[in-house]
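*Asks:* Dropping a structure here in structure tokens format, bear with me for questions.
There are 2 protein chains.
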Amino acid sequence: MPLWIQIAPGSKQPVYKQIFDQVSQQIAQGKLNTGDKLPAVRNLAAELVVNPNTVARAYSLLEQKGLVITKTGAGTFISDPKLKDPDMQQISIINDRFDNLISQAVNIGMTGEQIRELFEKRLSQFNKLDDIHGDKTND
Amino acid sequence: MPLWIQIAPGSKQPVYKQIFDQVSQQIAQGKLNTGDKLPAVRNLAAELVVNPNTVARAYSLLEQKGLVITKTGAGTFISDPKLKDPDMQQISIINDRFDNLISQAVNIGMTGEQIRELFEKRLSQFNKLDDIHGDKTND
DNA sequence: AAAATGTATTAGTAGGATTAATACAATTTG
DNA sequence: CAAATTGTATTAATCCTACTAATACATTTT
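As you go down the protein sequences, you meet chains A and B in turn.
Residue 72 in the working numbering sits at position 72 of the first sequence, with consecutive numbering throughout.
Converting from the second sequence to the working numbering requires adding 139 to each position, the first position being numbered 1.
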């Protein structure tokens, strides 16, 4: 029972995200280490009194972020520690760049729709390349 | 009858945004010029067969973006000539920035869907500047 | 004062996000 | 191999937010 997770009842955050955040945090804090096994989805679900699917969704997100590796029948395990915090830090940098870019676009008079069109056009250039990852597309 | 606005019935875009976009565009194209008066909210609403509040919201957005000036009792007028003719050079700079940003995101392992998710979230934050209306921020 | 205009408040509606119910698939274990 | 354990997939119910509507109010013009 290495896991200490608490769900805030009246929180604005969805439950699956609360689980995701707390596990992420505990990995970052070193309370969970590579190879550690997370509770089975049904077990954690029972403990938190939520639906197993909600836990499964959190685990799925964790795997998507590279924080854990899941093997059906075996369990869900903390993965390599190298992919952890830097990822989140990078994402917040990317968010800032998006804000800045959108702000510039708005300033020259573009509407949200026009900005989105531009973005989608550029993104489609890259979509071919990320086929290599994209087998777990369940959002 | 200076205004030519069409509402797409099955569009994904909300009506108020369609109105906003089309008026913006007509300003950019020079079909509407500083000082021109927009139709009264009730008149345009009747013409488009939508609720007056929907038109009012579009006008409100336009004012928020600095494109028009509204005076209760008088009407709504085109204001600022700054945002005409969206600058193509600027747009190509923005395209470059998008490429660069997407490239960075892909490099840290994000999928196209994840990048789009981030982008949409930041964009919606920008569109959510409706707060100048009233302080009914009761959420 | 009356008419014309935009504004504010409240309520109803639709669609997406979240969670739940249930069945399925893969792995482990005795 | 068979049963138990684990994660996955599919579908439905629920909840929440954004949008639209109905109505009353405020300001300016005439």
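Ideal Cβ placement from N, Cα and C applies to all residues, glycine included.
Small disclaimer: the values here were computed from a predicted structure and weren't measured.
(1) Does any CB atom of chain A fall closer than 7 angstroms to the CB of A244 of chain B?
(2) For V68 of chain A, which three-state DSSP category applies?
(3) Starting from the C-beta of N95 of chain A, find all residues in its chain whose C-beta is less than 6 angstroms away, skip the five residues before and the five after it, and write them out in chain order.
(4) Would you mind telling me which residues of chain A sit closer than 7 angstroms to G203 of chain B, beta carbon to beta carbon, in chain order?
(5) Taking a contact to mean a Cβ-Cβ separation below 7 angstroms, would you say L206 of chain B touches I166 of chain B in this structure?
(6) For chain B, is any of its Cβ atoms less than 7 angstroms away from the one on Q89 of chain A?
(7) Is T214 of chain B helix, strand or coil when you go by DSSP?
(8) Distance, Cα to Cα, Q163 of chain B vs L240 of chain B?
(9) Could you check whether T211 of chain B and L177 of chain B sit closer than 7 angstroms to each other, using their CB atoms as the reference points?
(10) Taking G35 of chain A and I78 of chain A to be in contact with their CB atoms under 8 angstroms, please state how far apart those CB atoms are, rounded to whole angstroms.
(11) What does DSSP give as the partner residue(s) for K177 of chain B in the beta ladder?
(12) Ends of the alpha helix (DSSP H) at A28 of chain A?
(13) Considering only the alpha carbon of each residue, which of A:L44, A:L61, A:V106, A:T54 lies closest to I5 of chain A?
(14) Between the segment 8-28 of chain A and chain B, which residues of the former have CB atoms less than 9 angstroms from a CB of the latter, in chain order?
(15) Chain B beta carbons: is any one of them nearer than 7 angstroms to that of D96 of chain A?
(16) Closest Cβ-Cβ distance between R57 of chain A and chain B: below 7 angstroms?
(17) If you count every other CB in all the chains shown that lies within 10 Å of the CB of V188 of chain B, and 16 or more means buried, which is it?
(18) Per DSSP, what kind of secondary structure is P191 of chain B in: helix, strand or coil?
(19) I need the DSSP call for G109 of chain A, collapsed to helix, strand or coil.
(20) Is the beta carbon of A58 of chain A closer than 7 angstroms to that of Y16 of chain A?
(21) Determine, using beta carbons only, whether T111 of chain A comes closer than 7 angstroms to chain B.
*Replies:* So, from the listed chains and residues:
(1) yes
(2) strand
(3) none
(4) Here residue 203 of chain B turns out to be Gln, not Gly, going by the sequence shown. Correct list: empty, because the minimum Cβ distance to chain A is about 11 angstroms.
(5) yes
(6) no
(7) Checking the sequence shown, residue 214 of chain B turns out to be Gly, not Thr. Three-state DSSP puts G214 of chain B in a strand.
(8) Looking at the sequence shown, residue 163 of chain B is not Gln but Ser. Computed Cα separation, rounded: 28 angstroms.
(9) no
(10) 6 angstroms
(11) For the sequence presented, residue 177 of chain B should be read as Leu rather than Lys. B:T215, per the DSSP bridge assignment.
(12) 15-28
(13) A:L44
(14) K12
(15) no
(16) no
(17) exposed
(18) helix
(19) coil
(20) yes
(21) yes
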